[in-house]
Each structure stands twice: as C-alpha cells, then as structure tokens.
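In the numbering used here, the protein residues as written are 57 to 201.
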C-alpha cells in the first residue's frame, strides 16, 4: 500500500465513515493533510496503525481531536512527531489504552514520554518505546496500572 496517499485518505474517509480498524503502515505518501481529512470524516476508529507514514504533530492532533474512540494506536517510524502531538493524544483520546511509539533518539518527545506526561489519560495501560534508534532489540515495554 505504499502508493496510498492523501487523495486515498480523503476517499477512505468519505467512503467509510464508520471505519473501526485502520492499518495504513508504511505509506510515506500520507501526510498531515490526508490524515486530517480522514479524521474529519471518519471519527470512530478504535484501532489505528500509522507506522511509517509521513505525518507529524498536526496530523496527530487531527486524529486526537477527531477520533475520541481510539483505544489502540501505533506510531512507529514517525520522525516528525513532537510534543504537541503527544499532548493532544493525552488530552483528546481518553479511551487510549495501548500506545506503541518509535522515535529517533534525538527526538525531544522521547523525554516527554519518559517523564510520564500521559498522566491525564487514566485508561492508558501500556506503551512500547524502543530505547535505541537503530535497534528494535532494546524495548521498554511498560504496563501501567
């Protein structure tokens, strides 16, 4: 699905407004524009995998504002994800229980995650965060109670 882009996201949102499960990983042609359009049209996804898409804070903010039913989210490989997007997830997705994130080691958002800034989301039960940019073998798997 690497050819799916922003136009495809617009069509998906318009054609499937009741979509509950969305897996669009490894689609670098999907940007904040396409993700924002989808979030405005399709507001009920419960599970979403956006890994490998070219989205950043504004796309994640659109998801957080438009998809309050989200309970599982994977954001691995989003190098443009920052603090504002993560705060929006904590504030806008109260049902979020499972969050998987991979960020470069120099991403400022890493320290935010490790400082438990998700305290506003009482439903979050687990998140996975690799500790090393080049290695998937060093995972921090947190089970929150």
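Don't be surprised by glycine CBs; every beta carbon is placed ideally from N, CA and C.
Residue from the options with nearest C-alpha to residue i
| i | options | result |
| --- | --- | --- |
| residue 131 | 97, 64, 141, 96 | 141 |
| residue 55 | 100, 87, 85 | Residue 55 lies beyond the stretch modelled for the chain, which goes from 57 to 201, so this question has no answer here. |
| residue 118 | 68, 144, 134 | 144 |
| residue 66 | 74, 87, 88, 94 | 94 |
| residue 87 | 182, 129, 134 | 134 |
Distance CB(residue i)-CB(residue j) smaller than 8 angstroms
| i | j | result |
| --- | --- | --- |
| residue 77 | residue 107 | no |
| residue 111 | residue 136 | yes |
| residue 98 | residue 72 | yes |
| residue 122 | residue 96 | yes |
Rounded Cβ spacing between residue i and residue j (contact assumed at less than 8 angstroms)
| i | j | result |
| --- | --- | --- |
| residue 92 | residue 115 | 6 angstroms |
| residue 124 | residue 90 | In fact, because the Cβ distance is near 20 angstroms, the residues do not count as touching under 8 angstroms. |
| residue 204 | residue 79 | Residue 204 is absent from the structure shown; the chain starts at 57 and stops at 201. |
Cβ neighbours of residue i in the same chain (closer than 6 angstroms, five flanking residues each side left out)
| i | result |
| --- | --- |
| residue 85 | 61 |
| residue 102 | 76, 125, 127 |
| residue 113 | 138, 140, 141 |
| residue 237 | Residue 237 lies beyond the stretch modelled for the chain, which goes from 57 to 201, so this question has no answer here. |
| residue 120 | 144, 145, 148, 149 |
Cutoff 8 angstroms: residue i Cβ touching any chain C Cβ
| i | result |
| --- | --- |
| residue 96 | Annotation note: the requested chain C is absent from the structure, which comprises a single protein chain. |
Contacting residues, own chain, Cβ-Cβ under 7 angstroms from residue i (five flanking each side not counted)
| i | result |
| --- | --- |
| residue 74 | 100 |
Bridge partner(s) assigned by DSSP for residue i
| i | result |
| --- | --- |
| residue 110 | In DSSP, residue 110 forms no bridge with anything. |
| residue 102 | Answer is none; residue 102 lacks a bridge partner. |
Cβ neighbours of residue i in the same chain (closer than 8 angstroms, five flanking residues each side left out)
| i | result |
| --- | --- |
| residue 172 | Summary for residue 172: the model assigns pLDDT 46, below 50, so the residue's position carries little reliability; its value from the coordinates is reported in the next sentence. Result list for residue 172: empty, nothing under 8 angstroms. |
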